[in-house]
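Just below is one structure, and these are the notes that go with it.
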Amino acid sequence: MKNKNSYILKVSCPGRVGIVAALGNFMSDRGCFIKELHQFDDQETGRFFSTIEFVFEGDRTFTVDQMKAAFEVTAMSFDMEWEIHDASERAKVLIMVSKYDHCLRDLLYRRATGELMIDITAIVSNHEDLREMAEREGIDFIHLPVTKETKPQQESRLLEIIRSTDTELVVLARYMQILSDTLSKELAGRCINIHHSFLPGFKGAKPYYQAYDRGVKLIGATAHYVTGDLDEGPIIEQMVERVDHAHDPKHLTQVGRDMEAQALARAVKYHVSHRVFQNGLRTVVF
Numbered sequence: 000m001k002n003k004n005s006y007i008l009k010v011s012c013p014g015r016v017g018i019v020a021a022l023g024n025f026m027s028d029r030g031c032f033i034k035e036l037h038q039f040d041d042q043e044t045g046r047f048f049s050t051i052e053f054v055f056e057g058d059r060t061f062t063v064d065q066m067k068a069a070f071e072v073t074a075m076s077f078d079m080e081w082e083i084h085d086a087s088e089r090a091k092v093l094i095m096v097s098k099y100d101h102c103l104r105d106l107l108y109r110r111a112t113g114e115l116m117i118d119i120t121a122i123v124s125n126h127e128d129l130r131e132m133a134e135r136e137g138i139d140f141i142h143l144p145v146t147k148e149t150k151p152q153q154e155s156r157l158l159e160i161i162r163s164t165d166t167e168l169v170v171l172a173r174y175m176q177i178l179s180d181t182l183s184k185e186l187a188g189r190c191i192n193i194h195h196s197f198l199p200g201f202k203g204a205k206p207y208y209q210a211y212d213r214g215v216k217l218i219g220a221t222a223h224y225v226t227g228d229l230d231e232g233p234i235i236e237q238m239v240e241r242v243d244h245a246h247d248p249k250h251l252t253q254v255g256r257d258m259e260a261q262a263l264a265r266a267v268k269y270h271v272s273h274r275v276f277q278n279g280l281r282t283v284v285f
């Protein structure tokens, strides 16, 4: 089984008796070996969520397309929203950046080591600063400078790039521009952002310096899906670290950037591994 392709069945539906049995029986009847199964029944929303990673052990001529066609009957009987993915396929990801490079460097490293199963379709930026980094990796770098006047045209151009490259996920790796409501809706559920997290919240320039001035004791980072509400989309991953009076603004910035890179990479990994469900304003992450 080690050398066989794995597939992932991703399911959500209204919670009711018999769902797990139906899924298990479906897999068993088709000679599928379940490698890993996660499930969660949300008592608040009444929805059931599950991912099943499996390999074909029975009829060697049975294809994943036949599997999808056969599963329609089970899916309809439980009103399921579902997908089946080949776990070996690399997700097509477009990365957006501005001037900060720490998140981009981390994503490129994890891609190179095989930790992130992604193909980067392009790196898009409103500045030229990171062009050399992108081109050194053999990745198309597209400069889309944004002003108040040009923003609608540049967002239209961005959508053209996303569609022409069959991009599945857009990652804002410290892209310092606010996406319009129209673009946010267009990319709903397939655009991830990263930002710093403090209590109290600090917006605007140099947040880590503001945090130092207020003597914060905790700093963190939050990765979330992008919505029209700035930095308020469904949260995928968060990290936090304790700091104290000995941390000057430069040290706070270093710690914060490290957490931003880690939280974003984890969120991207969960998404491209088909382990994230949106559940209203929240997420279910297996």
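At position 46 of the sequence shown the residue is numbered 45 (numbering that gives the first Met the number 0), and the sequence of numbers has no breaks. Virtual Cβ for every residue (Gly too), placed ideally from N, Cα, C.
Could you give the residue range of the beta strand (DSSP E) that holds residue i?
| i | result |
| --- | --- |
| residue 13 | 6-13 |
| residue 80 | 80-85 |
| residue 40 | 31-41 |
| residue 71 | Run containing residue 71: none in the beta strand (DSSP E); it sits in the alpha helix (DSSP H), 63-76. |
| residue 95 | 90-96 |
| residue 213 | Counting along the chain, residue 213 falls outside any beta strand (DSSP E), though it belongs to the alpha helix (DSSP H) covering 206-213. |
| residue 50 | 46-55 |
| residue 172 | Careful: residue 172 lies outside any beta strand (DSSP E) and carries neither H nor E. |
| residue 281 | 281-284 |
| residue 217 | 217-224 |
From residue i to residue j, what does the alpha carbon distance come to, in whole angstroms?
| i | j | result |
| --- | --- | --- |
| residue 29 | residue 228 | 45 Å |
| residue 47 | residue 72 | 18 Å |
| residue 131 | residue 101 | 14 Å |
| residue 51 | residue 38 | 9 Å |
| residue 40 | residue 215 | 37 Å |
| residue 129 | residue 285 | 33 Å |
| residue 200 | residue 159 | 35 Å |
| residue 252 | residue 222 | 17 Å |
| residue 36 | residue 274 | 11 Å |
| residue 224 | residue 260 | 16 Å |
| residue 279 | residue 237 | 18 Å |
| residue 250 | residue 210 | 12 Å |
| residue 116 | residue 188 | 19 Å |
| residue 151 | residue 66 | 42 Å |
| residue 233 | residue 174 | 18 Å |
| residue 144 | residue 177 | 13 Å |
| residue 15 | residue 153 | 46 Å |
| residue 192 | residue 42 | 28 Å |
| residue 137 | residue 157 | 20 Å |
| residue 288 | residue 181 | This structure cannot settle anything about residue 288, because the visible part of the chain is limited to 0 through 285. |
| residue 231 | residue 247 | 28 Å |
| residue 31 | residue 272 | 20 Å |
| residue 124 | residue 262 | 21 Å |
| residue 146 | residue 63 | 47 Å |
| residue 179 | residue 133 | 26 Å |
| residue 70 | residue 112 | 35 Å |
| residue 3 | residue 235 | 30 Å |
Residues in the same chain with beta-carbon distance under 6 Å from residue i, minus the five sequence neighbours each way, listed in chain order, please.
| i | result |
| --- | --- |
| residue 255 | 195, 207 and 218 |
| residue 166 | 91, 93 and 120 |
| residue 283 | 39, 48 and 276 |
| residue 169 | 93, 186 and 190 |
| residue 139 | 121 |
| residue 110 | 117 |
| residue 21 | 73 |
Counting only the same chain and skipping the five closest in sequence on each side, list residues whose C-beta sits under 8 Å from that of residue i.
| i | result |
| --- | --- |
| residue 13 | 45, 46, 47, 77 and 78 |
| residue 313 | Nothing can be reported for residue 313, as the shown portion of the chain is limited to 0 through 285. |
| residue 164 | 91, 93, 120 and 121 |
| residue 240 | 217, 218, 219, 254 and 258 |
Which whole-angstrom value describes the C-beta separation of residue i and residue j, a residue pair presumed to lie in contact below a C-beta threshold of 8 Å?
| i | j | result |
| --- | --- | --- |
| residue 103 | residue 172 | 5 Å |
| residue 183 | residue 149 | So it is not a contact: roughly 18 Å between Cβ atoms. |
| residue 86 | residue 5 | 4 Å |
| residue 118 | residue 89 | 5 Å |
| residue 142 | residue 97 | Incorrect: roughly 11 Å between the Cβ atoms, too far for contact. |
On the DSSP letters alone, give me the boundaries of the alpha helix (DSSP H) that residue i sits inside.
| i | result |
| --- | --- |
| residue 23 | 18-28 |
| residue 163 | 150-163 |
| residue 246 | Premise fails: residue 246 is in no alpha helix (DSSP H) and is neither H nor E. |
| residue 362 | This structure cannot settle anything about residue 362, because the visible part of the chain is limited to 0 through 285. |
| residue 183 | 180-185 |
Who are the Cβ neighbours of residue i in its own chain at under 7 Å, not counting the five residues just before and after it?
| i | result |
| --- | --- |
| residue 61 | 29 and 55 |
| residue 243 | 216 |
| residue 99 | 173 |
Q.
Would the stretch 74-85 count as touching the stretch 7-20 if we require 3 or more Cβ pairs under 8 Å?
A. Note that the stretch 74-85 touches the stretch 7-20; at least 3 beta-carbon pairs, one per stretch, sit closer than 8 Å.
Check your understanding: If you pair each beta-carbon of the stretch 104-111 with each one of the stretch 251-271, do three or more pairs fall below 8 Å?
Key -> yes
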